[in-house]
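Novice: Each number in the numbering used here corresponds to the 1-based position in the sequence shown with 4 added. For each residue, glycine too, the CB sits at the ideal point set by N, CA and C.
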Amino acid sequence: MSTTQKIIVLRFSAMGDVAMVASVLKEFTQQNPSVEIIMVSREAFKPFFDGIKNMTFHAIQPKTTHKGIDGLYKLYQELRKYKPIAIADLHDNLRSRAISTFFRLTGVKIKRIDKGRAEKKALTRSVDKIFKPLRQTVERYADVFRELGFDFKLSHQLDKAPQTIPPPATNLFQNNNRKVGISPFAQHIYKVYPLEKMEKVIAGLSALGYELFIFGGGKTEQATAEDWAKEYANTHNLIGNFNLTEELAIISNLDLMLSMDSSGMHMASLVGVPVVSVWGPTHPYAGFLGYGQSENDCVQIDHPARPNSIYGNKPCLCGVESCMDLINPQTIINKIKEKLNG
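(1) Can you check the segment 269-308 for any beta strand (DSSP E) of at least 3 residues that lies completely inside it and give the ranges in chain order?
(2) Are the C-beta atoms of G55 and some chain D residue less than 8 angstroms apart?
(3) Could you give the DSSP three-state label for A23: helix, strand or coil?
(4) DSSP on N332, reduced to helix/strand/coil?
(5) Taking C-beta to C-beta, are L76 and I103 nearer than 8 angstroms?
(6) Using a 10 Å radius around the Cβ and a threshold of 16 neighbouring Cβ atoms, would you call E225 buried or exposed?
(7) What whole-angstrom Cβ distance do I94 and V148 have, given they're in contact under 8 angstroms?
(8) So the alpha helix (DSSP H) R121 belongs to, where does it begin and stop?
(9) DSSP three-state call for R15: helix, strand or coil?
(10) Determine, using beta-carbon pairs with one atom in the segment 279-293 and one in the segment 220-237, whether at least three such pairs fall under 8 angstroms.
(11) Sort K67, I12 and F32 by Cα distance to R84 and report the nearest one.
(12) Tell me the residue span of the alpha helix (DSSP H) that contains E40.
(13) Note down the Cα distance separating A165 from T33, rounded to an integer number of angstroms.
(14) Tell me the residue span of the beta strand (DSSP E) that contains V184.
(15) With 16 as the cutoff for other CB atoms within 10 Å, does E47 come out buried or exposed?
(16) Can you give, in chain order, each stretch of the alpha helix (DSSP H) that sits fully within the segment 204-281 and has at least 4 residues?
(17) Where are the beta strand (DSSP E) runs, 3 residues long or more, that stay fully inside the segment 60-147, in chain order?
(18) With DSSP as the reference, identify every bridge partner of K10, one or two as the case may be.
(19) Please report the Cβ distance between P311 and Y289, rounded to the nearest whole angstrom; I am assuming they are in contact, meaning their Cβ atoms lie under 8 angstroms.
(20) Roughly how many angstroms lie between the CA atoms of I305 and G284, to the nearest whole one?
(21) Determine the DSSP secondary structure at R150, reduced to helix, strand or coil.
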C-alpha cells in the first residue's frame, strides 16, 4: 500500500523517552501502513528507529543549526517540505511548541501529549499523596495519534527479535551461559542503586555462572565497569566499546536485562528483552515502566514517602537510609534467578 499521509512526530529527549516513542511507532506503522512518519529527534537517537517501516528520521541540531527561535524556524522550513497532514507533539516543551505553532499558522492539525502533570504532582507530594497507577507514558503517546483520528491499539507485548551480533562481541556469545545485561547507572544519581551493593549483585550473579554485560555511561562509569569485569568471572564491560546500534544488537541477544529506572530498561524493551528494574525515589506508577515489562519484575520497597520524584532528580525522603539502600542485593539476585528459571 502506498503511503499517502505524512505525520511529523516531535520528541527530542531524553534517551529513555525517545526509546519509548520508538516502541510505540513500531506498532503504529504496522497498524497504519498508509501513514509515513517523519521522526524529529536528536541524531544520536536515530538507531532506535532503524528498521521501522514508513519512517524518515530528521535530526534536530539544538546546539548549532536549530538553536534559538531563528534555528527553530529554520527547522520548521526543513520540515514543511514533507507536506505533513498533522504534527504529533510527544514532547510538549518550548522547542516543540514553537515548531507546532509555526505549523498551526499554516493550518496543519496539531495534537500534543497530555503529560498528566497535576496527577503526577499528587502522586509524588508528601502531604495528601494520591497513590495510584497513572496512565502509562506509551499510552499517552498513543493517545496523540488517536486524537488525530487513527485506530491504534498497543499490544504491550515484548517482541523479541535477536539481531546479528557485532563481530567484536561474537566471542562473548560462544558458550551456553545465560546472558544478563546490567545497566547500573542513570542520568540522576538518586536513581542509581548504591555501587557497593551493585557490586555484590554482580558477584552473586557471576558466582551463579551467568554471563554479564555492563552497559551505559561515560568515562567514570566505564572505569567502574572495567574494575568489575577484572574482578568477577564472566563479566564484560561494554561501555565505550560499542556504538548505540551495536549495543541494541547485543541487548537483543540477551536473556534478561537488570536496569535502573533509566534508558537501559527502555532499550531492552525496544528489542523485546525482559527487564528486572530497580526503583528508588521514582515509581512505576508514574507511567515510565518499560514497554511490555511487568510490574512484578520491579524491585522496590514499600514506603509512604515513595514516590517523591517523577524523574529521579530529587533525593529520597525515606529517612536515614534511602529507599535504594534498603533493597538487599540478594533480593535482586533472587528476582533474576526466578525470572530466568521460571
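Specialist: This is what the structure holds:
(1) 279-282
(2) No chain D appears in this structure, which consists of one protein chain only.
(3) Here residue 23 is taken as the residue at index 19 of the sequence shown, counted from 1. The answer is helix: DSSP assigns A23 an H, G or I state.
(4) Start at 1 with the first residue of the sequence shown, and residue 332 comes out as number 328. In the structure shown, N332 sits in coil (DSSP, three-state: anything other than H, G, I, E or B).
(5) On the sequence shown, position 72 is the one that residue 76 refers to. On the sequence shown, position 99 is the one that residue 103 refers to. Yes, the pair counts as a contact, with Cβ atoms nearer than the cut-off.
(6) Your numbering for residue 225 matches position 221 in the sequence shown. Burial call: buried.
(7) Against the sequence shown, residue 94 aligns to sequence position 90. Against the sequence shown, residue 148 aligns to sequence position 144. Per the sequence shown, the amino acid found at residue 94 is Leu instead of Ile. Between V148 and L94 the Cβ distance is about 6 angstroms, and since that is below 8 angstroms, they are a contact.
(8) Position 117 of the sequence shown, counted from the start, is the residue given in the question as residue 121. R121 -> alpha helix (DSSP H) spans R121 to T128.
(9) By one-based count along the sequence shown, residue 15 stands at place 11. Coil at R15, not helix or strand.
(10) no
(11) By one-based count along the sequence shown, residue 84 stands at place 80. Checked all of K67, I12 and F32; the closest Cα to R84 is I12.
(12) The sequence position of residue 40 within the sequence shown is 36, counting from 1. Where E40 is concerned, there is no enclosing alpha helix (DSSP H), although the beta strand (DSSP E) it sits in stretches over V39 to R46.
(13) Taking the sequence shown and counting its residues from 1, the one referred to as residue 165 is at position 161. Taking the sequence shown and counting its residues from 1, the one referred to as residue 33 is at position 29. If I take the Cα positions, the gap works out to 17 angstroms.
(14) Walking along the sequence shown from the start, residue 184 turns up at place 180. Element bounds for V184: K183 to S187.
(15) By one-based count along the sequence shown, residue 47 stands at place 43. Counting Cβ neighbours within 10 Å, E47 comes out exposed, since fewer than 16 surround it.
(16) 223-235, 248-255 and 267-274
(17) 90-93 and 113-116
(18) The residue labelled residue 10 in the question sits at position 6 within the sequence shown. Answer is E40.
(19) On the sequence shown, residue 311 is found 307 positions in, with the first residue counted as 1. On the sequence shown, residue 289 is found 285 positions in, with the first residue counted as 1. Indeed, because the Cβ distance is near 7 angstroms, the residues count as touching under 8 angstroms.
(20) Here residue 305 corresponds to residue number 301 of the sequence shown, with the count starting at 1. Here residue 284 corresponds to residue number 280 of the sequence shown, with the count starting at 1. Going by the C-alpha atoms only, they are around 8 angstroms apart.
(21) By 1-based counting over the sequence shown, the position of residue 150 is 146. Note: R150 maps to helix in three-state DSSP.
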